[in-house]
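Residue numbers (this note's numbering), protein chains in the order written: chain A, 587 to 810; chain B, 587 to 810.
Quick notes on the structure that follows.
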DNA sequence: GTTTTCACCGACCGATCGGTCAAGCCCGGC
DNA sequence: GCCGGGCTTGACCGATCGGTCGGTGAAAAC
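Dropping the structure here:
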């Protein structure tokens, strides 16, 4: 199921592409990620690759296509990548695997990930942007299915499913803003920690029954 | 506490500014938020305001200053805004108030918020960002203090404090990517829901019946 | 009544943008 | 030999970029 693993320097899913094309995609992804789409010129990309600007137009028809190959081509198989890493077992563990797999994808295709989630995300008139959003919808709906599964199995509370999905995805999607690859924790470890926090909650103590009758302010005490 | 509330159209903390300047800041914020800093030209801003491009340079020295007034000027008092809305009471409720207050700030200064968290966040020329980042650090450290407080009070588990802060902030910081002001839930309600999910966890409580033959869930429980 | 101040504008600047094009370079097949 | 065809280039294009300049008109200050 991982025949899609033709990759180089974090450029995902670019089968049958020449070394030069892969180089361009890698450099362009890095630049898009750090300076944005509008902030990156074709001259920047050419300079980073050590080639002439014209050569970019030999391999790609325009700037949008480079971005599409970086971003769309990279989110292309996120859904499949994650789906294939969901084990059989209790639904809650599937959610955990979902988070860890997404984090692994982030780690492997980091620049392309950042580029695709950063650049002109709300430009309404970009045709291929819609394709990417469709893929992300499928990805998100997959997560919602897992959450519903966990609810049906009685593993998690009867929470609002879309909102729960947004919380989980938020914890992963914001990671690129603070994640430092030189620090010790891997994205997978971070995702695992976040799953623990979200699934088990932060609250200490065994679940004694709810202080339901109590107004929130007066609540819990256990002075230090 | 709210002497900082000179605002118009979601432009925060722009005291003693003329109507025209406020208009420019509002329109520029909206454009920066939707098209990014590099993607927004001075002509765009002038056109949106119905004025000439020259007039922008009469009121501001350059494009960066407009961005600074929108973004830096808006995150300027986020820390104070939130701090003043933290009630006395149990630390966990302070964390909840922190989240709700941040969400309120997001709702009130939405465009400026998006512009400041979107545009060239990792520009190598961090100088103009340093001030803004310093403020955000203070903001984040404030949250970490609340988390530590809750741990010391025994209200929440002995979790990793910075990581917990990142989870909480992620849930809020990613909101602008999916929040729809036309839908029913307010940002404050969303933040409240997220607090409940993170604090109490998703896992169903003891009262859930144990399906007799069901194998246990692979030992994810963390004992404290 | 004169001068100063200030919001405002149209024309313009050099630089850079995305993109084009005709021509060279290189290398395997005749 | 020399012939095609893919890789590569520098010169160039119109458009647009951020920013400047000289000036206008009306109110405020003297």
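The beta-carbon is built from N, C-alpha and C at its ideal position, and this holds for glycine as well.
Bear in mind the structure is a predicted one, so any value in this text is a computation, not a measurement.
Could you tell me the distance, in whole angstroms, from the CA atom of residue i to the CA atom of residue j?
{"i": "residue 668 of chain B", "j": "residue 688 of chain B", "result": "6 Å"}
{"i": "residue 717 of chain A", "j": "residue 610 of chain A", "result": "22 Å"}
{"i": "residue 641 of chain A", "j": "residue 648 of chain A", "result": "11 Å"}
{"i": "residue 673 of chain B", "j": "residue 665 of chain B", "result": "15 Å"}
{"i": "residue 762 of chain A", "j": "residue 752 of chain B", "result": "12 Å"}
{"i": "residue 813 of chain B", "j": "residue 791 of chain B", "result": "Absent from the structure is residue 813 of chain B, since the part of chain B shown begins at 587 and ends at 810."}
{"i": "residue 746 of chain A", "j": "residue 786 of chain B", "result": "14 Å"}
{"i": "residue 679 of chain B", "j": "residue 652 of chain A", "result": "48 Å"}
{"i": "residue 697 of chain B", "j": "residue 765 of chain B", "result": "12 Å"}
{"i": "residue 798 of chain B", "j": "residue 684 of chain A", "result": "With a pLDDT of 47 at residue 798 of chain B, under the threshold of 50, the predicted position of this residue should be treated as unreliable, though the coordinate-derived value follows. Going from the Cα of residue 798 of chain B to the Cα of residue 684 of chain A covers about 27 Å."}
{"i": "residue 702 of chain A", "j": "residue 736 of chain A", "result": "30 Å"}
{"i": "residue 657 of chain B", "j": "residue 631 of chain A", "result": "29 Å"}
{"i": "residue 594 of chain A", "j": "residue 663 of chain A", "result": "For residue 594 of chain A, the predicted model reports a pLDDT of 49, less than 50, meaning its position is unreliable; a value from the coordinates is still stated below. Straight-line Cα distance between these residues: approximately 16 Å."}
{"i": "residue 634 of chain B", "j": "residue 661 of chain B", "result": "24 Å"}
{"i": "residue 750 of chain B", "j": "residue 617 of chain A", "result": "31 Å"}
{"i": "residue 681 of chain A", "j": "residue 740 of chain A", "result": "14 Å"}
{"i": "residue 695 of chain B", "j": "residue 670 of chain B", "result": "17 Å"}
{"i": "residue 626 of chain A", "j": "residue 744 of chain A", "result": "46 Å"}
{"i": "residue 619 of chain A", "j": "residue 783 of chain A", "result": "29 Å"}
{"i": "residue 722 of chain A", "j": "residue 645 of chain B", "result": "42 Å"}
{"i": "residue 606 of chain A", "j": "residue 639 of chain A", "result": "13 Å"}
{"i": "residue 650 of chain B", "j": "residue 700 of chain A", "result": "24 Å"}
{"i": "residue 705 of chain B", "j": "residue 624 of chain B", "result": "8 Å"}
{"i": "residue 587 of chain A", "j": "residue 675 of chain B", "result": "Because the pLDDT at residue 587 of chain A is just 41, under 50, the model does not fix this residue reliably, and the value given afterwards should be weighed accordingly. Near 53 Å, if we compare the C-alpha coordinates of residue 675 of chain B and residue 587 of chain A."}
{"i": "residue 768 of chain B", "j": "residue 754 of chain A", "result": "23 Å"}
{"i": "residue 788 of chain A", "j": "residue 734 of chain A", "result": "22 Å"}
{"i": "residue 738 of chain B", "j": "residue 779 of chain B", "result": "24 Å"}
{"i": "residue 748 of chain B", "j": "residue 636 of chain B", "result": "46 Å"}
{"i": "residue 781 of chain B", "j": "residue 613 of chain A", "result": "40 Å"}
{"i": "residue 693 of chain B", "j": "residue 643 of chain A", "result": "44 Å"}
{"i": "residue 726 of chain A", "j": "residue 608 of chain A", "result": "29 Å"}
{"i": "residue 777 of chain A", "j": "residue 777 of chain B", "result": "21 Å"}
Please classify residue i as buried or exposed, where buried requires at least 16 other C-beta atoms within 10 Å of its C-beta.
{"i": "residue 720 of chain A", "result": "exposed"}
{"i": "residue 629 of chain A", "result": "exposed"}
{"i": "residue 615 of chain B", "result": "buried"}
{"i": "residue 604 of chain B", "result": "exposed"}
{"i": "residue 622 of chain B", "result": "buried"}
{"i": "residue 677 of chain B", "result": "buried"}
{"i": "residue 655 of chain A", "result": "buried"}
{"i": "residue 724 of chain B", "result": "exposed"}
{"i": "residue 659 of chain B", "result": "buried"}
Does the segment 765-780 of chain B come within contact of the segment 729-736 of chain A, defined as at least 3 CB pairs closer than 8 Å?
no
Is the segment 685-702 of chain B touching the segment 753-764 of chain B in the sense that three or more CB pairs, one from each, lie closer than 8 Å?
With a cut-off of 8 Å, the segment 685-702 of chain B and the segment 753-764 of chain B count as touching, because enough Cβ pairs lie within range.
Any alpha helix (DSSP H) of 4 or more consecutive residues that is wholly inside the segment 653-719 of chain B:
664-669, 677-694, 696-704
Note down, in chain order, all residues in the segment 771-793 of chain B with a beta-carbon under 9 Å from any beta-carbon belonging to chain A.
For the segment 771-793 of chain B, the set of residues with a beta-carbon nearer than 9 Å to any beta-carbon of chain A comprises 771, 776, 779, 780, 782, 783, 784, 785, 786, 787, 788, 789, 790, 791, 792, 793, in chain order.
The segment 669-691 of chain A: which residues have C-beta closer than 9 Å to a C-beta of chain B, in chain order?
675, 676, 678, 679, 681, 682
According to a CB-to-CB cut-off of less than 9 Å, which residues of the segment 640-667 of chain A neighbour chain B?
none
Mind pulling the alpha helix (DSSP H) runs of 4 or more residues that sit fully within the segment 709-795 of chain A?
713-738, 747-759, 773-786
Give, in chain order, every residue of the segment 615-628 of chain B whose Cβ lies closer than 9 Å to some Cβ of chain A.
619, 620, 621, 622, 623, 624, 625, 626
Which residues, in order along the segment 745-756 of chain A, keep a beta-carbon less than 8 Å from a beta-carbon of chain B?
745, 746, 749, 750, 752, 753, 755, 756
Please identify, using Cβ separations under 9 Å, the residues of the segment 714-733 of chain A that lie next to chain B, in order along the chain.
733
Which ranges would you report for the beta strand (DSSP E) in the segment 596-653 of chain B if only whole runs of at least 3 residues count?
none
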